[in-house]
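A quick write-up on the structure given underneath.
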Amino acid sequence: MPAPSLLRNWLLACALAVVAVALAGMLFLRRPPPPDPAGLRAAPTEVAERSCGLPPFESVRAQPDAEAPPVILWASGDVRLYLDDAAAFSPPDAPQHVPVGEHTLRVEADGHAPFSLRLRFEAWTPVLLHAELDPVAGLTLVRVNAHCVSCPTALESLGRIEVRPPEGPGDPQVEAAAALRRGDWLTARTFLEQVPEAARDTPLFHRLASVVFVDTLETELALELLRALPGPRGDELRPLLERHQALFEEEVVRRREVQLHRWNRATERYGALVERYGVELPRIVGQAGSRLEALSTTFATHHEQHDVLGAEEALLAAEDALLRLARLLRASRPGDCSFQADVVRMATTG
Numbered sequence: 024m025p026a027p028s029l030l031r032n033w034l035l036a037c038a039l040a041v042v043a044v045a046l047a048g049m050l051f052l053r054r055p056p057p058p059d060p061a062g063l064r065a066a067p068t069e070v071a072e073r074s075c076g077l078p079p080f081e082s083v084r085a086q087p088d089a090e091a092p093p094v095i096l097w098a099s100g101d102v103r104l105y106l107d108d109a110a111a112f113s114p115p116d117a118p119q120h121v122p123v124g125e126h127t128l129r130v131e132a133d134g135h136a137p138f139s140l141r142l143r144f145e146a147w148t149p150v151l152l153h154a155e156l157d158p159v160a161g162l163t164l165v166r167v168n169a170h171c172v173s174c175p176t177a178l179e180s181l182g183r184i185e186v187r188p189p190e191g192p193g194d195p196q197v198e199a200a201a202a203l204r205r206g207d208w209l210t211a212r213t214f215l216e217q218v219p220e221a222a223r224d225t226p227l228f229h230r231l232a233s234v235v236f237v238d239t240l241e242t243e244l245a246l247e248l249l250r251a252l253p254g255p256r257g258d259e260l261r262p263l264l265e266r267h268q269a270l271f272e273e274e275v276v277r278r279r280e281v282q283l284h285r286w287n288r289a290t291e292r293y294g295a296l297v298e299r300y301g302v303e304l305p306r307i308v309g310q311a312g313s314r315l316e317a318l319s320t321t322f323a324t325h326h327e328q329h330d331v332l333g334a335e336e337a338l339l340a341a342e343d344a345l346l347r348l349a350r351l352l353r354a355s356r357p358g359d360c361s362f363q364a365d366v367v368r369m370a371t372t373g
C-alpha cells in the first residue's frame with residue numbers, strides 16, 4: 024500500500040479524474056445555458072420536499088460533524104462538571120469532540136452553590152476547561168478557547184490588570200471569584216485591580232486573572248499566567264496546557280484529512296449525478312460543470328500547499344455547486360417523489 028501522504032495524493036487525483044471523465048462525456052451535449060426558467064427555481068423543490076415527505080435538503084457535506092473540536096474537561100478533587108446537563112469528563116489523552124456551538128457548563132461541589140455558564144466552542148479549536156475548589160475563594164473555572172456567551176461582551180482588548188487602592192475591608196480575590204461564577208468579568212476585574220502587586224503571584228490570582236483575560240480577548244496573556252501558576256496546582260494544570268497546545272497541531276492534520284475526504288465525496292457524488300442524468304438532462308447538469316472543473320485545480324493547489332483556509336474556501340464552493348445541481352435536478356420534476364429521493368440519495372451518500 025502507498026505511504027499515507029502518497030495515498031492522499033492518489034485519492035485526490037482519482038477524485039479529480041471523476042469530474043474530468045464525467046465532463047468529457049457530456050461536452051457534446053453542452054449548450055449555453057439560458058436563464059433559469061420559473062420551473063427550476065427553489066420554490067418547486069421546497070414544495071416537492073413537503074409533498075414527498077422528504078426532510079429539508081440544505082447540505083451535501085460529508086462528515087458534517089467532523090469539525091467538532093476536542094475538549095479537555097478536568098475537575099480536581101470532589102468537583103463535578105456537567106455539560107448540557109450530562110455528567111462530563113474528557114481526559115487529555117483521549118478528549119471527546121463536542122459539537123460546534125453553544126453549550127451549558129455547570130460546576131458543582133458538595134457544600135458550595137453550583138454555577139453555570141453558557142459557552143461557545145469553535146470549529147477545529149481545542150478547548151480546555153479546568154475546575155477546582157479553592158479553600159478560600161470557592162469554586163473556580165479556568166477556560167481556554169471557550170467564549171462565554173452569557174457574560175458581558177468585551178469590545179476590545181484591555182491589557183494588563185492595573186493596581187489600585189483597596190475599596191473595602193473584604194478579600195478582593197474572594198469577591199472576584201464570586202463575580203466570575205456569575206459570569207461578570209467586569210466586576211471581577213475591578214476587584215482584582217485591588218490586589219497588591221506583591222500578592223499576585225498566587226495560584227488563585229493567576230486563575231482568576233486568566234479568566235478575565237480570556238473574556239477580554241487576551242488569550243495569550245491568560246496562557247502566560249496559567250503556565251506560570253506556582254506550586255502543586257500549577258503542576259497539575261501545566262500538563263493539561265501542554266496537551267491542549269499539542270491538540271492544535273493534531274487538528275490541523277485532521278482538518279486536512281477531513282477536507283480531502285469531503286472533496287472526494289463531493290466530486291464522486293457529482294460524477295454519479297452526471298453519469299445518471301447527464302444525457303437525460305444535459306442543460307441542467309452542464310450548469311455546474313465548468314465551476315467544479317475550475318475548483319478542482321484550486322483545491323488541489325491549496326491542499327498540496329497545506330493551506331487549509333484556501334482549501335476550505337474551494338471545498339465550500341464545490342459543495343455549493345453540488346447542492347445547486349441537486350436542487351436544479353429535483354426542481355425539474357417536482358411531482359416525482361421517486362426521482363426526488365433518488366437525487367437526494369446520490370447527492371448525500373457514497
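Note that our numbering has the sequence shown beginning at 24, numbered continuously upward. Note that the Cβ used here is the ideal one computed from N, Cα and C, for glycine as well. What you are looking at is a predicted structure, and each value in this text was computed from that prediction instead of being measured.
| Asked | Found |
| --- | --- |
| Using the C-alpha atoms, what's the distance from Ile307 back to Gly351? | For clarity, residue 351 is Leu in the given sequence; the question names Gly instead. Taking the straight line from one Cα to the other gives about 7 Å. |
| Is the beta carbon of Leu215 less than 8 Å from the beta carbon of Val237? | no |
| Among the residues of its own chain, which have a CB less than 7 Å from the CB of Gly206, if the five just before and after it don't count? | Leu140, Cys171, Ser173, Cys174 |
| Relative to the C-alpha of Pro158, which candidate in Arg278, Pro226, Ala269, Leu339 has its C-alpha closest? | Pro226 |
| Would you call the segment 80-97 and the segment 119-127 touching, i.e. three or more CB-CB distances under 8 Å? | yes |
| Using 10 angstroms around the beta-carbon of Val83, count the other beta-carbons present and answer buried if the total reaches 16, otherwise exposed. | buried |
| In its own chain, which residues sit with a C-beta less than 7 Å from the C-beta of Leu77, not counting the 5 before and 5 after it? | Gln363, Ala364, Val367 |
| Please list, in chain order, all residues of the same chain as Ala295 whose beta carbon is under 8 Å from its beta carbon, the five residues on each side excluded. | Met369, Gly373 |
| If you draw a straight line from the C-alpha of Leu346 to the C-alpha of Glu81, how long is it? | 8 Å |
| Between the C-alpha atoms of Arg356 and Cys75, what's the straight-line distance to the nearest angstrom? | 12 Å |
| Is it the case that the Cβ atoms of Ile95 and Leu142 are separated by a distance below 8 Å? | no |
| Less than 6 Å between C-beta atoms, sequence neighbours within five positions excluded: which residues of the same chain meet that for Ala229? | The displayed chain sequence assigns His, not Ala, to residue 229. Excluding residues within five positions, the ones whose Cβ falls inside 6 Å are Leu248, Leu252. |
| Any idea what DSSP makes of Leu96, helix, strand or coil? | strand |
| How far does the alpha helix (DSSP H) with Leu215 in it reach, from first residue to last? | 208-215 |
| Ser313 to Pro149, Cα distance in whole Å? | 38 Å |
| Counting only the same chain and skipping the five closest in sequence on each side, list residues whose C-beta sits under 6 Å from that of Leu288. | The sequence given here has Arg at residue 288, not Leu. Counting only Cβ-Cβ distances below 6 Å, and skipping sequence neighbours, we find Ala85. |
| Considering only residues of the segment 281-307, which uninterrupted alpha helix (DSSP H) runs meet the minimum length of 4 residues and lie entirely inside it, listed in chain order? | none |
| Which ranges does the beta strand (DSSP E) cover as unbroken runs of at least 3 residues, wholly within the segment 89-161, from first to last along the chain? | 93-98, 103-106, 124-132, 135-144, 150-157 |
| Just verifying my parser: in three-state terms, what is the DSSP assignment at Arg166? | strand |
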